[in-house]
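By the count of the working numbering, the sequence shown reaches residue 657 at its end, each step adding exactly one.
Don't be surprised by glycine CBs; every beta carbon is placed ideally from N, CA and C.
Inspection log for the structure reproduced underneath, given as C-alpha cells.
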Amino acid sequence: MTPTPSLHILVVEDNDSLREATVQFLQAQGHQVAGLVCAEEVDETPTRDLPDLYLIDVNLPGENGFSLTERIRKTQPLAGIVLMTARGQLNDRLEGYSSGADNYLVKPVEQAELLVCIHNLARRLKASAPMPNAQIVLNSQTLCLTGPEGEASLSHGEGILLAAFCRAAGQKLERWQAMQLVDTKDKGLLPANLEMRISTLRKKLSHCGAPEDAILTLRGFGYALSCQIELR
C-alpha cells in the first residue's frame with residue numbers, strides 16, 4: 426500500500442480516552458488531527474482550515490452523529506466522513522450512509538481497518554491535488570491567495586469554494602455543489618448570485634496571475650478550475 430498523504434482530520438468523540446487515543450494514533454501516522462467532544466463544538470471552534478476528513482461518533486451528546494454528518498455533507502460535499510459507533514444494526518448503517526457518510530465502522534474499530542479506510546478516502550481526496558510547484562497558492566488559514574502578479578484576500582465563502590475546486594475530482598463542481606458551498610444556510614441563493622460570486626473569484630485569481638478563464642462554466646453541469654493551485 427502506497428503511503429497515505431497527510432490529511433487534516435477532525436475526530437468528534439465524547440469518550441475522552443477513545444478520542445485522545447485516536448488523535449494520538451493518527452498524529453503518529455503524520456496527520457494533522459484535532460479532537461472535539463460534541464457536534465456543537467464543530468461550529469463553535471474558530472478555524473478557517475476545512476478538515477479533509479471527519480471521524481464522527483454517532484451517539485454524541487446533543488446533536489447526534491447522523492445529523493452532524495448530514496450538515497457537513499451539505500456544506501462540504503467533497504469532505505471524507507467516517508462514522509464510528511457501536512450501533513451496528515442494518516437500519517443504523519443505512520441511516521449513516523443515507524446521511525452522507527463515506528464509511529460506517531462498528532466499534533471496537535481495529536487500527537489497521539481505520540488506516541485502510543483513511544487511505545482509501547485519501548486517494549479520492551487528494552486525487553486532484555495541485556502540483557507542488559503551482560504558481561498560485563491558497564493559504565487556507567489566512568485565506569490569502571498569492572501568485573506571480575500579486576495577492577488577494579478571499580472571503581470565507583470564496584476560500585471554501587476554491588478549496589473545494591482544488592480537491593474535487595477533475596477540479597470540477599456540479600452547480601448544486603457550488604450552490605451548497607456558497608449558500609450554507611439554505612437562504613435560497615439564486616443562480617445569478619452564484620455567477621456573480623464565481624465572477625468575483627475569477628477576478629481575484631486573475632489579479633494573482635491566473636488565466637482570466639481560471640474557472641470555466643460547463644454548460645449543463647457546473648464549473649471547472651482550469652489552473653493548478655497549491656493548498657497550504
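What number of angstroms, rounded off, separates the C-alpha of residue i from the C-alpha of residue j?
i    : j    : result
V534 : I497 : 23 Å
S431 : A577 : 27 Å
D638 : C652 : 9 Å
Q454 : L546 : 15 Å
L550 : D517 : 26 Å
Q457 : P476 : 9 Å
L515 : H544 : 25 Å
E574 : A588 : 20 Å
S624 : I481 : 36 Å
Q398 : K499 : In the structure as shown, the chain starts at 426 and stops at 657, and residue 398 therefore has no counterpart that could be examined.
T571 : R512 : 46 Å
M604 : L451 : 33 Å
P636 : C569 : 18 Å
R622 : Q560 : 23 Å
R548 : G505 : 11 Å
L461 : L435 : 7 Å
Here's the rule: buried if 16 or more other CB atoms are within 10 angstroms of the residue's CB, otherwise exposed. What is residue i?
i    : result
E694 : An answer regarding residue 694 cannot be provided, because it is not within the stretch 426 to 657 covered by the chain.
T586 : The residue asked about is misnamed: residue 586 is Leu in this sequence, not Thr. Buried, by the Cβ-count rule.
G487 : exposed
F491 : buried
T510 : buried
E583 : buried
E445 : exposed
Is residue i near the ligand PLP, going by C-beta to nearest heavy atom under 7 Å?
i    : result
P502 : This structure lacks the ligand PLP, and indeed carries no ligand of any kind.
How many whole angstroms separate the CB atoms of residue i and residue j, which I take to be in contact at a CB cut-off of 8 Å?
i    : j    : result
R657 : N564 : 5 Å
S524 : T494 : 4 Å
N528 : V562 : That pair is no contact at about 31 Å.
Taking CB distances under 8 Å as the criterion, tell me whether residue i reaches chain C.
i    : result
Q457 : No chain C appears in this structure, which consists of one protein chain only.
Counting beta carbon pairs with one atom in the stretch 523–542 and one in the stretch 614–632, are three or more of them shorter than 8 Å? Output reads no: the stretch 523–542 does not touch the stretch 614–632.
Measuring CB atoms only, is the stretch 614–622 touching the stretch 590–598, in the sense that at least three cross pairs come out at less than 8 Å? no
Start-end ranges of the beta strand (DSSP E) lying completely within the stretch 478–533, minimum 3 residues: 478–482, 505–510 and 528–531
Taking only runs that begin and end inside the stretch 442–469, name each unbroken alpha helix (DSSP H) of 4 or more residues, in chain order. 464–469
Start-end ranges of the beta strand (DSSP E) lying completely within the stretch 539–600, minimum 3 residues: 561–564, 569–572, 575–578 and 597–599
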